[in-house]
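**Student:**
Chains as they are written, first to last, in the numbering used here: chain A, 1494 to 1686; chain B, 13 to 184.
Right, here's the structure in full:
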């Protein structure tokens, strides 16, 4: 139940057996079915969530009902609306499962207490948030500096499993292009091979 | 281990999921029927036919209910946000052993009459928020029955009070 989680944590910090047992007591294990919501727009994000198995997405919906993908999260990734989680303000996002998922969820109170009782986790989350800032900056640069085809090839190069697991219309939404444009890009790339 | 989806519509919204372990019991089915408007239900017990009959009965009472029957208490508890245990004292320890690792930080409600309501479940599930409900009076006549609630977590106790109101039981 915690295999992926502890593998992920141990890539960044060293944990004792005792610390691992203590960490487990702060997390709520939860199974989520495909299409089931974890968070809906207008609710407060009460949990920061680690994906042990499965696939989640976060997105918002515009006035016309169009979905705009913000993030995908599969095994080894964290998911949540961090602003809503930390501020207890309502979220502008929806989070649901693209595949059945096994999650480890932590509340803000649990998160804060875990930092005190297992201080090494503060270092883990600092590294995690650093990486997150870098990743968001790269996404911004990709979004404003590259063509649609370059955006797609860069995304696939950094996340090859995206194509296998995520429907094309969701990938198009994540890149901010239409499904038709993505289809044309894929056809062009096939012809180049 | 079997699982059957009995109501497929409206099941993906953000209702809290409640696992009722011992749903075939008189008290278990009373709770299931009472809270089905507000919660997504996972009905767990050994007798599948009886469980399916209960799910069908709930679907007639409340057409918007989302109810699923499941025969594994660990799977039901893993998926649930709230776990209700309706079992005799001897069975509670066995259930606690099976669900312990998936019940961490969750609200676990131990409900029963004086004959089967024990306060030891919190010791068996030290990392869960256990609330004990002792029912006095005849549960078939909710107007005459009373529920007394014990637990240390206020949020968990508030959920229990809401459930008792849905069932129609007075809270002492």
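Note that beta-carbon positions come from the ideal geometry of N, C-alpha and C, so glycine has one too. Source: prediction; values computed, not measured.
#1: Please say whether residue 1530 (chain A) and residue 1589 (chain A) have beta carbons closer to each other than 9 Å?
#2: So that I know if they touch, is there some Cβ in chain A lying closer than 9 Å to that of residue 118 (chain B)?
#3: Pull the bridge partners of residue 246 (chain B) from the DSSP assignment, please.
#4: Which bits of chain B does residue 1578 (chain A) rub up against, with CB to CB less than 8 Å?
#5: Could you give the distance in angstroms between the alpha-carbon of residue 83 (chain B) and the alpha-carbon of residue 174 (chain B)?
#6: Relative to chain A, which residues along the segment 80-110 of chain B have a C-beta separation below 8 Å, given in chain order?
#7: Could you tell me whether any Cβ in chain A is nearer than 9 Å to the Cβ of residue 153 (chain B)?
#8: Beta-carbon separation of residue 148 (chain B) and residue 158 (chain B) under 9 Å?
#9: Can you tell me where the alpha helix (DSSP H) with residue 1561 (chain A) in it begins and where it stops?
#10: Could you name the residues of the segment 1650-1669 of chain A whose beta carbon sits closer than 9 Å to any beta carbon of chain B, in the order they occur along the chain?
#11: On the three-state DSSP scale, how would you describe residue 80 (chain B)?
#12: For a cutoff of 9 Å on Cβ pairs, would you count residue 174 (chain B) as touching chain A?
#13: On the DSSP letters alone, give me the boundaries of the beta strand (DSSP E) that residue 1523 (chain A) sits inside.
#14: Could you work out which residue in B:150, B:50, B:106 is closest to residue 30 (chain B) when comparing CA atoms only?
#15: Spatial neighbours of residue 1603 (chain A) within its chain, please: C-beta separation below 6 Å, excluding the five flanking residues on both sides.
#16: Could you give the first and the last residue of the continuous beta strand (DSSP E) run that contains residue 1640 (chain A)?
#17: In this structure, does DSSP put residue 1646 (chain A) in helix, strand or coil?
#18: Leaving out five residues on either side along the sequence, give the residues of the same chain with a beta carbon under 6 Å from the beta carbon of residue 1503 (chain A).
#19: Any beta carbon of chain A sitting closer than 9 Å to that of residue 114 (chain B)?
#20: Answer yes if the segment 101-115 of chain B comes into contact with the segment 47-67 of chain B, meaning at least three C-beta pairs across the two stretches below 8 Å, and no otherwise.
**Tutor:** With the given structure in hand:
#1: yes
#2: yes
#3: No answer is possible for residue 246 (chain B): the residues shown for chain B start at 13 and end at 184.
#4: Result: empty, since nearest Cβ-Cβ is about 16 Å, beyond 8 Å.
#5: 27 Å
#6: 87, 90, 91, 93
#7: no
#8: yes
#9: Where residue 1561 (chain A) is concerned, there is no enclosing alpha helix (DSSP H), although the beta strand (DSSP E) it sits in stretches over 1560-1566.
#10: none
#11: strand
#12: no
#13: 1521-1525
#14: B:50
#15: 1519
#16: No beta strand (DSSP E) contains residue 1640 (chain A), which DSSP labels as neither H nor E.
#17: helix
#18: none
#19: yes
#20: no
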